[in-house]
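One structure is given here, and the rest of the page talks about it.
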Amino acid sequence: MKKNIPLRSIKYQWESMIYRDDVSRKTSFDRKFGTKVISRNDDLTANLVEFFVYANDPFKEIFLVGSFNEWGKKNLDDFKLTVQNDAFQILRTDKVKHKDPYLFLVRKDGHEEVLRDVASFAFDDDGNSIFWDFEDPTAYKKEYPGPDTLHRATKIIQTDLPGLVSRWFELNKDTPNTTEYEGDLFTYIKECGVIEKVKDLGFNTIQFLPVGQSIDGDNWKFRYLVPYPFAVHKDWGDPDSFMAMIDEFHKHGIAVIVDLILSHCPHVNYKIFGFNGEDVGPHKWLTQWNEPTFLQDYTPWGSMRFRYGDENVRRYLTESALHFSATYGVDGFRIDNVDGILRLGDHGQGDERAYGRQFMRELIADVYDINPLALIHLESHYFYGDNAKMLVHPQALSDRALGATAYNSSRITYYFHKEVMPKSAEEISVWKFENIREEKEWGASNSTIADFHNHDAAAGLMHGRATGSYAYDALILKNPSLHFHAVGKIKFMEAIIAFGCEGRILDLLQSFLLQMGTFEHDSSIHWGLLNDNPESVKVVNYKKAVNELLERPAFWVENTLYRQFVNVDETNKVLVIRRVDKTQDTNEDYYILINLSSKSCPNYAIGVEKKGTYEVVLDSDAEFFAGTNTSMLNKEYESTKSSSFAHFSWEIKLNNVAPYHVVVLKRK
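Numbered by my numbering, the letters in the sequence shown go through residues 271 to 938 in order.
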């Protein structure tokens, strides 16, 4: 990897990373929550173990109970936690072994109840906390390092974890379905071949909806109600199988992003471990003033915000992320509902929330301390003023800056949903994309995760837009005659986010499979369409070809600085983008033509800066990519003296630009 990247002014947090020599990861951090092994036996099993509880109430008596003391029936006083000066209570014991179940028995004023560790690393089928020693000789140990997430494009496949494989057997007939498989879901993903397929399709990053211990229920939305953020979901496997799955992704060079829910927590009207939610969850831990230790303020969804003004609660939330980063080697996080953390209002559209920004700055800085190349993506929507800029601006340059890698819900996604998808080309403006690129609007920043259809859109959670189902479903409007236009729009929108944005793109595979229905009612990937629907195969071929092009340095994030929109043709609704590599010494030079309309453009000229031979490296009109196969492009074009452009000395004239055509030319 070339290190002498040309110097630039630092505008975004990620730019501050490209000149660092040491980007090594840490595998541990100083814990205040959960458990810690203090000493080990000669066989490396745990000897002395420390348990931490943030009680915030010196009058509580707290006892550790479990199989090791017959659930409090034996030697209970030996397992009483000691009150510390900082509102924590701590116990050191040599009686607890790897995988032992435990709970906390809490007594005060004659009242007694059993509570779960809010920082449990795992739970058993009965909902007991599990002491998990990640360094135990029998525990899984990672073999493969995480990939370099900076010096490459970020090509994300977004999925619900069960939805990734629940219908995998439809593509691979010799593979059992997940209900017949004898192992757990994490192991199924590791072994069934889906990881190899994700790599074959050209994705280098997978983003899972939340994997933490959420409430009971199969619907994907329940994954966003996470009472226990340190634990992986017990119904899918244990810490060993989760770590092994992460390791398998890393073996194939695929980074793993998980969705973090740090903005709110359920407290009523749910079940978890089969119990009523009112009886199980962090809300059961109360201060000496009989208020929730971890929670305050109600959300419109029936949950509660965390108590961000308490530095120990902020640390608790931060450590949940550090645990996934340091212990499991997770490569990044999508942080949900950042607006609600930063600001008041039902959806985070109001004034600043006290301590919310401080929490986000602490969290992000500490994650970078564990992994300098962590991908930290913030879900945010309210971009008036410089709100978007402050999401991704380096922390050192402003006390309002969060320093994230990028943010979701970009201006370009909004424009796709509001204008491009529901309207004809004559009703939209190609200039809008140039205005977005130049950051003339939308929060003074455009360092985004670009997408044209994500899980929220496919589930109908973005009101007032052309959403509510998967992209093909939303475009075809139950009218088969619109198939040609739906496929064409999917292909040109993908080209805009892939070649015209910042080198970070997110896709649902369902968009290219031409899957019908909604994410809300069926979040699974219908892999069988690759066997049953030739059109799905062709559109997936196109997506794979786009992903393969993004492997070239010219399309990497670090070369976004040299991106140019060289022609914005409002008359023909054509956009021409130039991408060059100036950081990795390949000297590659690409021109990308994107036709946003259903009309052909014969003898279309493209202005180019340099004389030479230009090779067609992607022709979306090919039948292989579900095209019309009518453009009949040459394999190569020689530049000629320009007669069409005042600012270019040379031009290439394509014999025909087909409807919704995407053409990528590379100077030889």
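Every residue gets a Cβ at the ideal spot worked out from N, C-alpha and C, and that includes glycine.
- Taking 8 Å as the cut-off, the Cβ atoms of K521 and F473 do not count as close.
- Under the 8 Å Cβ criterion, the region 772-786 does not count as touching the region 480-500, having fewer than three qualifying pairs.
- Per DSSP, the beta bridge partners of M574 are C535, Y568.
- Pairing F825 with G773 gives a Cβ-Cβ distance under 8 Å.
- By the Cβ neighbour-count rule, S901 is buried, with 16 or more other Cβ atoms within 10 Å of its own.
- In this structure, E285 keeps its C-beta atom at 8 Å or more from the C-beta atom of R295.
- Counting other Cβ atoms within 10 Å of its Cβ, T910 stays below 16 and is therefore classed as exposed.
- Contact annotation: the region 620-635 does not touch the region 337-344, with fewer than three C-beta pairs closer than 8 Å.
- DSSP links K306 through a beta bridge to E320.
- Residue pairing by DSSP places K411 opposite no residue, since no beta bridge is assigned to it.
- Under the three-state reduction of DSSP output, N339 falls in the helix class.
- I308 and A316 have their C-alpha atoms roughly 8 Å apart.
- H617 carries a coil assignment under DSSP once its states are collapsed to helix, strand and coil.
- When rounded, the separation of the alpha-carbon atoms in K688 and A727 is 12 Å.
- The criterion of a C-beta distance shorter than 8 Å is not satisfied by W701 and L441.
- Counting other Cβ atoms within 10 Å of its Cβ, Y654 stays below 16 and is therefore classed as exposed.
- When DSSP reads this structure, S399 sits in a beta bridge with Y372, F393.
- Fully enclosed beta strand (DSSP E) runs of no fewer than 3 residues occupy 859-865, 871-878, 883-889, 906-908, 920-927 of the region 851-935, in order along the chain.
- D470 sits in a helix when the DSSP states are folded into three classes.
- Out of I864, R849, L863, the CA that lies nearest to the CA of N857 is found in R849.
- Counting every other CB atom within 10 Å of its CB across the protein chains shown gives Q834 a total below 16, marking it as exposed.
- Following the DSSP letters along the chain, one finds I634 inside the alpha helix (DSSP H) bounded by residues 626-640.
- Distance from V836 to L863 at the Cβ level is roughly 10 Å; contact not present, criterion being Cβ atoms closer than 8 Å.
- Around the beta carbon of V538, fewer than 16 other beta carbons sit within 10 angstroms, so the residue counts as exposed.
- S590 is positioned such that its CB atom lies no closer than 8 Å to that of P497.
- Between the region 449-468 and the region 504-524 there are three or more inter-stretch CB-CB distances shorter than 8 Å, so the stretches are counted as touching.
- The C-alpha of L935 is placed about 24 Å away from the C-alpha of H755.
- Around the beta carbon of P536, a 10 Å sphere encloses 16 or more other beta carbons of the protein chains shown; the residue is thus reported as buried.
- With 16 or more other Cβ atoms inside 10 Å of its own Cβ, Q665 counts as buried.
- The three-state secondary structure of H755, taken from DSSP, is helix.
- Within the region 435-503, the complete alpha helix (DSSP H) runs of at least 4 residues fall at 455-461, 464-470.
- Under DSSP, I426 takes part in a beta bridge, and its partners are T475, L776.
- When secondary structure is reduced to three states using DSSP, L556 falls in the strand class.
- Taking a cut-off of 8 Å for Cβ pairs, the region 669-686 and the region 320-330 do not touch, as fewer than three such pairs fall below it.
- Secondary structure of I332 (DSSP, three-state): strand.
- Taking the Cα of I542 as reference, the smallest distance to any Cα among A729, K869, F393 is reached at F393.
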